[in-house]
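Residue numbers (the working numbering): 598 to 699.
Each residue gets a CB set at the ideal place from its N, CA and C atoms; glycine is no exception.
It should be emphasised that the depicted structure is a prediction, and the values quoted were computed from it without experimental measurement.
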């Protein structure tokens, strides 16, 4: 049985981003990732519609000893990038709308 990939960053001084996804009747879960958990990769994955219903995003840096909810920050960045895309996934539109209400 293959092991789940580690969420611990390979680089010690690295901000790591995790997405809490709502799977409907199945509940919510923190999504695993097989590569890059950095901000750039996170934004790309969101815009590629790789999360069906993201509801929260948390960032942490083990070297600096911090973690925080960055849901609103990521929603703001996504909203600013809408002009770069012909189509924005429904999951991203709903995420941005939800984040702006809170």
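| request: Would you mind listing the alpha helix (DSSP H) stretches within the stretch 644-692 that are 4+ residues and don't spill past its ends, in chain order? | output: Entirely contained in the stretch 644-692, the alpha helix (DSSP H) runs reaching 4 residues are, in chain order, 668-678.
| query | residue 634 by DSSP, collapsed to three states: which one? | reply | Collapsing the DSSP output to three states places residue 634 in coil.
| Terminal residues of the continuous beta strand (DSSP E) containing residue 625? | In this chain, the beta strand (DSSP E) harbouring residue 625 covers 625-627.
| request: Measure the C-alpha to C-alpha separation of residue 687 and residue 664 and round it to an integer number of angstroms. | output: So the two alpha carbons sit approximately 28 angstroms from each other.
| Can you list, in chain order, the residues of its chain whose CB lies under 7 angstroms from that of residue 666, leaving out five sequence neighbours each side? | Short of 7 angstroms from the beta carbon of residue 666, and not among the five residues preceding or following it, lie these beta carbons of its own chain, in chain order: 653, 655.
| request: Measure the Cβ-Cβ separation of residue 692 and residue 672 and say whether it is below 8 angstroms. | output: Residue 672 sits close to residue 692, with the two beta carbons spaced by under 8 angstroms.
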